[in-house]
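Step one of this worksheet: look at the structure below.
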Amino acid sequence: MEKEIMPAIKAAAAAIGNGDTASSKLVERAFERCRAKEDDIHAFLELYESSALEEARAVDAAIKGGDEPKPLSGIPIAVKDNILVSGRIASAASRMLESYHASYDATVIGRLREAGAIIMGRTNMDEFAMGSSTENSAFGPTKNPHDLSRIPGGSSGGSAAAVAAGECVAALGSDTGGSIRQPAALCGVVGLKPTYGAVSRHGLIAMASSLDVIGPITKTVEDAEIIFNIIKGIDPFDSTTVESNPKSEIRNPKQYQNLKFQNIRIGVPKEYFGAGLNPEVKQAVEATLKNLQDSGFMVQEVSLPHTDYALPCYYIIMPAEVSSNLARFDGIRYGLSEKSDDLLEVYMKSRRKGFGDEVRRRILLGTYVLSAGYYEAYYAKAQRVRSLIKRDFLRAFEEVDVIVSPTTPAPAFKFGEKSDDPVEMYLSDVYTVSANLAGIPALSVPCGKTGDGLPIGIQLIGRWFEEDVLFRVGKEVEH
Ligand code: GLN
Numbered sequence: 058m059e060k061e062i063m064p065a066i067k068a069a070a071a072a073i074g075n076g077d078t079a080s081s082k083l084v085e086r087a088f089e090r091c092r093a094k095e096d097d098i099h100a101f102l103e104l105y106e107s108s109a110l111e112e113a114r115a116v117d118a119a120i121k122g123g124d125e126p127k128p129l130s131g132i133p134i135a136v137k138d139n140i141l142v143s144g145r146i147a148s149a150a151s152r153m154l155e156s157y158h159a160s161y162d163a164t165v166i167g168r169l170r171e172a173g174a175i176i177m178g179r180t181n182m183d184e185f186a187m188g189s190s191t192e193n194s195a196f197g198p199t200k201n202p203h204d205l206s207r208i209p210g211g212s213s214g215g216s217a218a219a220v221a222a223g224e225c226v227a228a229l230g231s232d233t234g235g236s237i238r239q240p241a242a243l244c245g246v247v248g249l250k251p252t253y254g255a256v257s258r259h260g261l262i263a264m265a266s267s268l269d270v271i272g273p274i275t276k277t278v279e280d281a282e283i284i285f286n287i288i289k290g291i292d293p294f295d296s297t298t299v300e301s302n303p304k305s306e307i308r309n310p311k312q313y314q315n316l317k318f319q320n321i322r323i324g325v326p327k328e329y330f331g332a333g334l335n336p337e338v339k340q341a342v343e344a345t346l347k348n349l350q351d352s353g354f355m356v357q358e359v360s361l362p363h364t365d366y367a368l369p370c371y372y373i374i375m376p377a378e379v380s381s382n383l384a385r386f387d388g389i390r391y392g393l394s395e396k397s398d399d400l401l402e403v404y405m406k407s408r409r410k411g412f413g414d415e416v417r418r419r420i421l422l423g424t425y426v427l428s429a430g431y432y433e434a435y436y437a438k439a440q441r442v443r444s445l446i447k448r449d450f451l452r453a454f455e456e457v458d459v460i461v462s463p464t465t466p467a468p469a470f471k472f473g474e475k476s477d478d479p480v481e482m483y484l485s486d487v488y489t490v491s492a493n494l495a496g497i498p499a500l501s502v503p504c505g506k507t508g509d510g511l512p513i514g515i516q517l518i519g520r521w522f523e524e525d526v527l528f529r530v531g532k533e534v535e536h
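For the sequence shown, my numbering gives the first residue as 58, with consecutive numbering after it.
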């Protein structure tokens, strides 16, 4: 819809690079747009207007002075509030970290800056990235630019809404169980969850460390590709990062670059199109698959037999890791601190005041599944199920190169519709959590709209480190 207000990265960077336009003009336009839209949408928790304009003028001056333009020279980018930007608040939309100032740039921020990007503000999210609607933000929800009575998705709802509303050129989000792809789908923009280990999480406020990934939310597949290529790669500060997968069974992405469509095989998992899928979403995804087939892709059915266990497995492993990651916010080491003469009281009061209901629910669940008497029955079992889910994908990827599904079971829902029923809310993640459990990349691309004009997203899931193949197919979906 309004995303055309902001240009795509390549065109904008080229225009800024050859002096046809100025970064300061583009950045000013972004802030003007924010002034016009933010009262309604509330995508941002904070705008960095003066520093962004200053940086933009510096880019303009450098280019005038003959500096070589960079791939993101002067491009305004918004950042989810759980990614550290030096000197700025990073609250993860929680009272707990409301006044925490980051003392360094996350690796991804450093890489964006090196590529010339302008960081223009921090975006709203569900508290500590737990949620699917931004209703769990301690600072009020973000609204869907396509329909203000509806949620933008979550947890990176602010980033997706900002891109959709034309308030920035692109944004960063984080994805633990769908938090980039689900809001991208519901806001009609592109979202990439990279392969686990492809992008450094140094400077990301951790939610569930075996699942968390940072990735781009953009208007086009090409923009997502550009940002991914800038932020990916080994980082000595995150030992889970790798350059490419050393396993021999994994094919080299390079070989796909000039590959004909006829050689890319698309798998449609039968388990993803059953009960619970909204008919309009189903129709849009099936129509897109038909178009892909018509343009030469091979399309065949595949099976991911453990799909039914993905959500229960995720909702055991994720809270377990949440309970351990969030233990540091105790009123002493980090975050909000309530006074008392008694140490235990300090912990209890600080955590009670600092955390919202959903965060507390997950800490309780996680502590329970890790506790001595239940560890084997829940956590250890979920880890074994996780291996089965991963094995499903390994098997399917022997037959096909990309797996295609809806990104979400339904279009954006209304505020309050699911907030009283956590399980209903968790069901929004039914198609997205598997890729996190398996560690594989997945891309959501807009593929149509409902009769009411609500965006629908299609999800392309690939082999480990084969983001290139997803971009290739994603561009075809776009066209
Ligand atoms: N909606 C999912 C959850 O609530 C995913 C969150 C995420 O990816 N950060 O856990």
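Note that beta-carbon positions come from the ideal geometry of N, C-alpha and C, so glycine has one too. Predicted model only: the values in this text are computed from it and were never measured.
Excluding five sequence neighbours on each side, which residues of the same chain lie with their C-beta closer than 7 Å to the C-beta of residue i?
i	result
residue 104	88, 91, 177, 178
residue 289	251, 255, 256
residue 199	98, 99, 100, 181, 191, 209, 214, 215, 218
residue 435	373, 426
residue 194	150, 181, 182, 183, 184
residue 356	323, 325, 346, 349, 350
residue 460	324, 326, 359, 453, 518
How is the beta strand (DSSP E) around residue i delimited, first residue to last?
i	result
residue 275	270–275
residue 117	Run containing residue 117: none in the beta strand (DSSP E); it sits in the alpha helix (DSSP H), 106–121.
residue 232	227–232
residue 247	247–250
Tell me where the alpha helix (DSSP H) around residue i begins and ends.
i	result
residue 81	80–98
residue 389	Premise fails: residue 389 is in no alpha helix (DSSP H) and is neither H nor E.
residue 375	367–382
residue 287	278–288
residue 198	Where residue 198 is concerned, there is no enclosing alpha helix (DSSP H), given that its DSSP letter is neither H nor E.
residue 346	336–351
residue 495	490–495
residue 481	479–483
residue 515	Where residue 515 is concerned, there is no enclosing alpha helix (DSSP H), although the beta strand (DSSP E) it sits in stretches over 512–519.
residue 215	214–221
residue 405	400–411
residue 238	238–244
In this structure, does DSSP put residue i in helix, strand or coil?
i	result
residue 424	helix
residue 322	strand
residue 66	helix
residue 502	strand
residue 533	helix
residue 171	helix
residue 102	strand
residue 462	strand
residue 141	coil
residue 295	strand
residue 487	coil
residue 433	helix
residue 457	coil
residue 355	strand
residue 258	coil
residue 153	helix
residue 166	helix
residue 74	helix
residue 135	strand
residue 471	strand
residue 416	helix
residue 180	strand
residue 446	helix
Which residues in the same chain have their Cβ closer than 6 Å to the Cβ of residue i, if we skip the five residues on either side of it in sequence?
i	result
residue 496	253
residue 172	127, 128, 129, 287
residue 392	153, 154, 386, 411
residue 80	73, 113, 116, 117, 131
residue 475	481, 482
residue 537	What the structure shows of the chain is the stretch from 58 to 536, and residue 537 is not part of that stretch, so it cannot be assessed.
residue 304	Low local confidence applies: a pLDDT of 48 at residue 304 is under 50, so the model's placement there is unreliable, and no value is given.
Taking 7 Å as the line, does the beta carbon of residue i fall inside it for any heavy atom of the ligand ZN?
i	result
residue 199	Of the ligands one can find in the structure shown, namely the ligand GLN, none is the ligand ZN.
Quick one: residues in its chain with C-beta nearer than 8 Å to the C-beta of residue i, no 5 flanking neighbours on either side, listed in chain order?
i	result
residue 487	333, 367, 368, 466
residue 205	97, 98
Counting Cβ pairs, one atom from each stretch, are 3 or more of them under 8 Å apart for the segment 155–167 and the segment 63–78? no
Under 8 Å, with one C-beta from each stretch per pair, do the segment 456–474 and the segment 375–383 reach the 3-pair mark? no
At least 3 beta-carbon pairs within less than 8 Å: the segment 388–404 vs the segment 415–430: Look at the beta carbons and you see the segment 388–404 not touching the segment 415–430: under three pairs across the two are nearer than 8 Å.
Contact between the segment 510–518 and the segment 262–275: three or more CB pairs below 8 Å? no
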